[in-house]
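K.L.:
Going down the list, the protein sequences come from chains A and B.
Using my numbering, the first residue of the first sequence is number 136, and each one after it goes up by one.
Using my numbering, the first residue of the second sequence is number 209, and each one after it goes up by one.
Quick reminder that beta carbons are idealized off the backbone N, C-alpha and C, glycines included.
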Amino acid sequence: TTQVSPQTTWMLAVRDSRDRAAFAALFDHFAPRLKGFIMRSGTGSGQAEEIVQEVMLTVWRKAAQFDPTRAQVSSWVYQIARNRQIDVIRKENRPMPEELAEDLAGASGAEPDASQILAVEQESSQLKQALSRLKPDQREIIERAYLGELSHQEISTQTGLPLGTIKSRIRLGLDRLRHELKELR
Amino acid sequence: MTAITHHTPDALLAAYAAGSLPQAYALVVAAHISLCLDCRAGYEAHLSGGGAVLETVKPEAISEGLKSNVLDLLDAPVAPEPIYRRTGVYPGPVIAALKGNPPKWKSLGLGVRQSILSADQNGSARLLYIPPGQTVPDHSHNGLELTLVLQGSFSDTTGRFGIGDLEIGDQDLEHAPAADPGAPCICLAATDAPLRFSSLVPRLLQPLFRI
Ligand SMILES: [Zn+2]
Ligand SMILES: [Zn+2]
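#1: Between the alpha carbons of A240/A and A305/B, how many angstroms are there, rounded?
#2: Exposed or buried, R205/A, counting other C-beta atoms within 10 Å across all chains shown (16 or more means buried)?
#3: Hey, does I241/B have any beta-carbon neighbour from chain A nearer than 9 Å?
#4: Mind listing, in chain order, the continuous beta strand (DSSP E) runs of no fewer than 3 residues lying wholly within the segment 152 to 219 of chain A?
#5: Is G372/B near ligand 1, in the sense that its beta carbon is under 8 Å from a heavy atom of that ligand?
#6: For L282/B, which three-state DSSP category applies?
#7: Give a yes or no on whether the C-beta atoms belonging to I224/A and T193/A are separated by under 9 Å.
#8: If we ignore side chains and look at the alpha-carbon of each, how far apart do N350/B and Q288/A end up?
#9: Report yes or no: is there a C-beta of chain B within less than 9 Å of the C-beta of G283/A?
#10: What did DSSP end up calling E275/A once you bin it into helix, strand or coil?
#11: Using 10 angstroms around the beta-carbon of L282/B, count the other beta-carbons present and answer buried if the total reaches 16, otherwise exposed.
#12: To be precise: take each residue of the segment 297 to 311 of chain B, compare its Cβ to all Cβ atoms of chain A, and keep it if any distance is under 8 Å. Which residues remain?
#13: Taking the C-alpha atoms as reference points, what is the distance between Q329/B and D400/B?
#14: Could you say if the segment 165 to 173 of chain A and the segment 284 to 297 of chain B meet the contact criterion of at least three C-beta pairs nearer than 8 Å?
#15: So the candidates are F201/A, R196/A and I173/A; which of them puts its Cα closest to the Cα of L262/B?
#16: What residues of chain B sit near K270/A, judged by a beta carbon separation below 7 Å?
#17: Within 8 Å, do at least three Cβ pairs link the segment 365 to 375 of chain B to the segment 211 to 218 of chain B?
#18: Considering E252/B, what are the terminal residues of the beta strand (DSSP E) in which it resides?
#19: Using 8 Å as the cut-off, classify the Cβ of P405/A as near or not near the heavy atoms of ligand 2, replying yes or no.
#20: To the nearest angstrom, how far is it from the Cα of A219/B to the Cα of T144/A?
#21: Just list the residues that DSSP pairs H383/B with in beta bridges.
#22: Say whether chain B places a C-beta atom closer than 9 Å to the C-beta of S152/A.
#23: If you follow the beta strand (DSSP E) that D388/B is in, where does it begin and where does it stop?
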């Protein structure tokens with residue numbers, strides 16, 4: 136990858152300029168995938184679409200929290216989707232970590248670091264490739280883990296995905312963020 | 209502040225990211241991530257794993273009208289969600305579980321106090337307050353016990369746990385954690401099964417624990 140992906144470009148336009156056309160493009164990309172993802176764990180089409188609607192509205196409303204130096208759009212949307220599913224199916228509010236970015240004037244106040252964004256995107260697309268190269272049964276286990284169908288006892292420490300590099304990229308982004316938060320105080 | 213040396217195991221981080229942890233454990237992991245950049249990075253890496261699954265799953269056709277519905281709702285007013293920030297030694301997720309109120313402490317005797325945050329058939333989460341030098345009665349666990357230190361420190365047969373450290377106890381661990389001298393030890397603890405106390409007198413205390 137030498138260019139920022141269209142999804143990230145759309146998401147930044149939504150975050151920084153409340154761009155509706157960019158949001159519509161994000162909808163076209165994510166809504167069918169979200170519906171497929173939600174239906175995989177046995178939710179019916181109608182309820183799945185209700186969840187898709189809530190997830191996409193949350194993407195619009197919480198756009199200020201999106202930080203491309205730490206997460207690709209898909210991981211951010213995944214987190215929102217799992218929260219909504221738990222909300223709807225288990226009637227529970229999932230405890231969430233305190234958001235570090237909230238102290239920033241929106242993550243948007245920070246100078247975007249293009250090389251950091253590209254690095255995270257590159258790791259994420261390698262992750263996606265690694266997932267598609269797995270043997271079907273191994274891939275099935277990982278899908279079930281991230282669909283929330285496996286308990287922590289069932290998830291082996293070896294997920295089979297190379298998460299190490301992306302973890303250090305994210306760690307870099309977090310260190311940068313913490314540094315900026317210190318400067319603000 | 210001393211560095212965190214006892215972290216969330218990767219399988220727990222993955223289960224937390226996927227939303228498959230029972231509520232009480234999810235609270236402890238969320239609180240640890242709020243204190244620990246390392247585990248936050250690990251958690252966000254697992255979100256990328258989830259994002260990769262989301263990107264590669266078979267898409268399903270969307271009903272006509274859903275998109276225009278969503279676009280029409282973009283400007284609809286929404287009640288703002290309360291934002292719970294760290295207060296004193298309690299990280300945001302603990303303050304959220306307390307709904308912004310201070311803990312309601314109940315005495316367990318010997319200066320030990322607890323405040324139950326949640327309890328149901330899937331487990332319970334509570335805050336424990338242990339005076340310096342005091343020992344929590346010797347006990348073992350039927351299931352998994354997660355204990356996160358928020359203030360002070362405690363020691364048991366497996367080591368010393370300071371602020372931000374997470375102890376993982378399973379059915380094989382029988383221990384009597386003792387608060388170290390200095391500040392009182394405040395912990396956030398989650399269990400999925402009643403604790404079993406080894407000596408008779410503390411067993412009488414067990415109904416008080418309500419776990
Ligand atoms: Zn940690
Ligand atoms: Zn214990």
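P.N.:
Put simply:
#1: Along the first sequence, one-based indexing puts residue 240/A at 105. Along the second sequence, one-based indexing puts residue 305/B at 97. Here the model assigns A240/A a pLDDT of 43, short of 50, so the residue's position is not dependable, and the following value carries that caveat. If I take the Cα positions, the gap works out to 26 Å.
#2: Residue 205/A sits at position 70 when you count from the first residue of the first sequence. By the 10 Å Cβ count, R205/A comes out buried.
#3: By one-based count along the second sequence, residue 241/B stands at place 33. Yes - at least one Cβ of chain A is within 9 Å of the one on I241/B.
#4: none
#5: Position 164 of the second sequence, counted from the first residue, corresponds to residue 372/B. Yes.
#6: Taking the first residue of the second sequence as position 1, residue 282/B is located at position 74. DSSP, reduced to helix, strand and coil, places L282/B outside both helices and strands of the structure shown, so it counts as coil.
#7: Here residue 224/A refers to the residue found at position 89 when the first sequence is read from its first residue. Here residue 193/A refers to the residue found at position 58 when the first sequence is read from its first residue. For I224/A and T193/A, no; Cβs fall outside 9 Å.
#8: Stepping through the second sequence from its first residue, residue 350/B is reached at position 142. Stepping through the first sequence from its first residue, residue 288/A is reached at position 153. Using only the alpha carbons, I get a separation of about 15 Å.
#9: Position 148 of the first sequence holds residue 283/A. Under the 9 Å criterion on CB atoms, G283/A is classed as interfacial with respect to chain B.
#10: Here residue 275/A refers to the residue found at position 140 when the first sequence is read from its first residue. Helix, per DSSP.
#11: What you label residue 282/B is simply residue 74 of the second sequence in a count that begins at 1. Exposed, by the Cβ-count rule.
#12: P299, G300, P301, A304 and A305
#13: For the purposes of this step, residue 329/B is taken as the residue at position 121 of the second sequence. For the purposes of this step, residue 400/B is taken as the residue at position 192 of the second sequence. When rounded, the distance between both Cα atoms is 8 Å.
#14: no
#15: The count along the second sequence starts at 1 and reaches residue 262/B at position 54. If we check each option's Cα against that of L262/B, I173/A comes out closest.
#16: In the first sequence, the residue the question calls residue 270/A occupies position 135. The contacting residues do not exist; K270/A stays about 15 Å from chain B at best.
#17: Touching, per the Cβ criterion.
#18: On the second sequence, residue 252/B is found 44 positions in, with the first residue counted as 1. First-last for E252/B: L245 to T264, but that is the alpha helix (DSSP H), not the beta strand (DSSP E).
#19: This structure cannot speak to residue 405/A, because chain A is shown only from 136 to 320.
#20: Mapped onto the second sequence, residue 219/B falls at position 11. Mapped onto the first sequence, residue 144/A falls at position 9. Whole-angstrom Cα-Cα distance: 33 Å.
#21: Taking the second sequence and counting its residues from 1, one reaches residue 383/B at position 175. DSSP output for H383/B lists H347/B as bridge partner(s).
#22: As a working note, residue 152/A is residue 17 in the first sequence. By this cut-off, S152/A is not an interface position.
#23: The sequence position of residue 388/B within the second sequence is 180, counting from 1. Premise fails: D388/B is in no beta strand (DSSP E) and is neither H nor E.
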